[in-house]
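Reading through the structure tokens given below for one structure.
Protein chains: 2
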Amino acid sequence: MAEGPESGQALLFLTDDQLRKGIEAMFFAYRGFTADPDRILSELAYGRAHHRAIHFIGRSPGTTVNNLLSILGVTKQSLNRVLRTLIEDGLVTSEVGKTDKRERNLYLTEEGRALEQRLSDAQRDRMRAAYRAAGPEAVAGFRQVLEAMMDEDLHRHYRAMKDAKV
Amino acid sequence: MAEGPESGQALLFLTDDQLRKGIEAMFFAYRGFTADPDRILSELAYGRAHHRAIHFIGRSPGTTVNNLLSILGVTKQSLNRVLRTLIEDGLVTSEVGKTDKRERNLYLTEEGRALEQRLSDAQRDRMRAAYRAAGPEAVAGFRQVLEAMMDEDLHRHYRAMKDAKV
DNA sequence: AATAATACGTCAGTGTTGTTGACATTCCAA
DNA sequence: TTGGAATGTCAACAACACTGACGTATTATT
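Residue numbers (my numbering), protein chains in the order written: chain A, 1 to 166; chain B, 1 to 166.
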């Protein structure tokens with residue numbers, strides 16, 4: 001080991017057992033994290049893929065297909081299937097780009113914003129309850145660990161979005 | 001609001017914007033969380049469902065199909081398909097229950113333990129790096145928030161497993 | 001002006017993982 | 001002992017990811 005002066009007691013949080021607990025906590029918590037939106041989505045014959053698309057289009061109105069692809073980390077064929085149904089159902093509009101006509105700028109319609117609101121309300125309610133139960137210091141730690149767990153390219157997207165004004 | 005003396009400054013961490021950041025952090029971090037095992041699994045033509053089964057069988061040797069079902073939250077038919085391939089491939093053994101012959105007790109084989117080790121090593125490496133970067137206080141907060149985010153029935157499973165000795 | 005590269009969409013095929021429905025076996029209790 | 005509940009298996013289907021190939025419009029490069 002020979003980690004220097006911080007060895008011993010101070011590094012007990014890095015034992016395999018502690019790490020395993022973190023892994024299992026992550027697994028169980030993610031299930032809770034998605035449970036409420038999933039219920040709403042299943043009523044509408046949508047899935048998580050639709051939720052993710054709606055969320056990030058809502059976050060960045062006018063975003064392009066390519067940008068969405070790099071955020072979501074799926075293939076264009078997979079995203080296209082989802083976008084097509086959302087456009088057909090009138091939740092999303094796709095406009096030819098002004099400066100570059102190859103691009104498509106994506107926006108939520110009124111109806112799309114309504115669903116986005118409904119989904120994020122459900123998810124925020126749970127998040128708010130968890131935050132309130134854990135307290136501000138815990139929340140800060142929560143965010144720190146999550147950020148350290150991201151892949152670098154996703155972390156870039158996260159930072160870019162984190163600091164954007166609503 | 002009228003939340004009492006802790007209103008104002010101290011509740012800024014509960015704003016919608018803070019909650020949104022937490023939601024997006026959760027989304028991006030979970031991708032990182034599963035990225036390393038996913039790479040290993042794809043080499044072997046397995047998926048996350050196989051990983052989850054292997055993980056929880058390894059954690060609770062002799063567990064029954066029913067118990068695994070309530071942990072994983074899928075249908076028994078879905079789990080069965082995964083278990084069948086793992087058994088065919090010699091990673092898991094299924095033994096008829098001693099007291100109740102309807103039950104099947106599940107165990108990892110030597111080979112199954114080897115894969116479990118390989119997968120959890122990869123996942124632990126990332127978790128360890130994140131923990132080390134964030135520090136012990138952050139890790140405590142991380143775990144607190146995650147636990148508060150779980151559904152109650154999953155939280156029960158988590159607690160039961162959390163305190164079990166390896 | 002011709003060529004290459006980019007952005008987007010689509011068709012076809014495949015694999016994992018979830019779902020329901022039907023069914024066999026085993027246990028238990030009336 | 002018979003009917004019901006619990007446990008697990010087989011079959012078929014849907015959602016959603018993937019790869020590969022191709023078409024089209026637009027922009028950039030030479």
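Built from N, CA and C at the ideal position, the CB exists for glycine as well.
Contacts around residue i, its chain only, beta-carbon distance under 8 Å, and the 5 residues preceding and following it disregarded
i	result
residue 157 (chain B)	70, 71
residue 87 (chain B)	93, 94
residue 53 (chain A)	68, 72, 79, 82, 83, 86, 92
Inter-residue spacing [alpha-carbon to alpha-carbon] between residue i and residue j
i	j	result
residue 132 (chain B)	residue 14 (chain A)	7 Å
residue 107 (chain A)	residue 94 (chain A)	7 Å
residue 109 (chain B)	residue 92 (chain B)	5 Å
residue 122 (chain B)	residue 123 (chain A)	30 Å
residue 22 (chain B)	residue 138 (chain B)	14 Å
residue 59 (chain B)	residue 160 (chain B)	11 Å
residue 19 (chain B)	residue 99 (chain A)	35 Å
residue 149 (chain A)	residue 30 (chain A)	14 Å
residue 127 (chain A)	residue 134 (chain A)	10 Å
residue 163 (chain B)	residue 113 (chain A)	44 Å
residue 75 (chain A)	residue 146 (chain A)	25 Å
residue 11 (chain A)	residue 144 (chain A)	18 Å
residue 125 (chain B)	residue 24 (chain A)	15 Å
residue 155 (chain B)	residue 103 (chain A)	45 Å
residue 136 (chain A)	residue 66 (chain A)	36 Å
Selected residue, minimal CA-CA separation from residue i, among the options
i	options	result
residue 116 (chain A)	A:28, A:22, A:55	A:55
residue 169 (chain A)	A:32, A:68, A:83	The first residue shown for chain A is 1 and the last is 166, placing residue 169 (chain A) beyond what the model contains.
residue 34 (chain B)	A:39, A:26, A:32, A:41	A:26
residue 130 (chain B)	A:141, A:136, A:63	A:141
residue 79 (chain B)	B:164, B:102, B:49	B:49
residue 152 (chain A)	B:77, B:28, B:160	B:28
residue 111 (chain A)	A:126, A:90, A:52, A:135	A:90
residue 105 (chain A)	A:126, A:136, A:57	A:57
residue 32 (chain A)	B:32, B:64, B:73, B:20	B:73
residue 101 (chain A)	A:64, A:128, A:145, A:19	A:64
Own chain, CB closer than 6 Å to residue i, minus 5 neighbours either side, in chain order
i	result
residue 2 (chain A)	Reliability fails at residue 2 (chain A), whose pLDDT of 46 lies under 50, so the model's placement of it is uncertain and no value is given.
First and last residue of the uninterrupted alpha helix (DSSP H) at residue i
i	result
residue 137 (chain B)	136-149
residue 65 (chain B)	65-72
residue 78 (chain B)	76-88
residue 93 (chain B)	Looking at the DSSP string, residue 93 (chain B) is not in any alpha helix (DSSP H); the run it does join, the beta strand (DSSP E), is 92-96.
residue 19 (chain A)	16-43
residue 56 (chain B)	48-59
residue 154 (chain B)	152-162
Neighbour-count burial assignment, residue i, 16 or more Cβ in a 10 Å radius
i	result
residue 96 (chain A)	exposed
residue 17 (chain A)	exposed
residue 43 (chain B)	exposed
residue 61 (chain B)	exposed
residue 77 (chain A)	exposed
residue 4 (chain B)	Its pLDDT being 49, under 50, residue 4 (chain B) is placed unreliably by the model, and the measurement read from it follows with that caveat. With fewer than 16 Cβ atoms within 10 Å of its Cβ, residue 4 (chain B) is classed as exposed.
heavy atom of the ligand MG below 6 Å from residue i C-beta
i	result
residue 20 (chain A)	As far as ligands go, the structure on display features none, and thus does not contain the ligand MG.
Own chain partners of residue i with C-beta closer than 7 Å, once the 5 adjacent residues on each side are dropped
i	result
residue 118 (chain B)	40
residue 51 (chain B)	37, 41, 119
Range of the contiguous beta strand (DSSP E) that encloses residue i
i	result
residue 107 (chain A)	104-108
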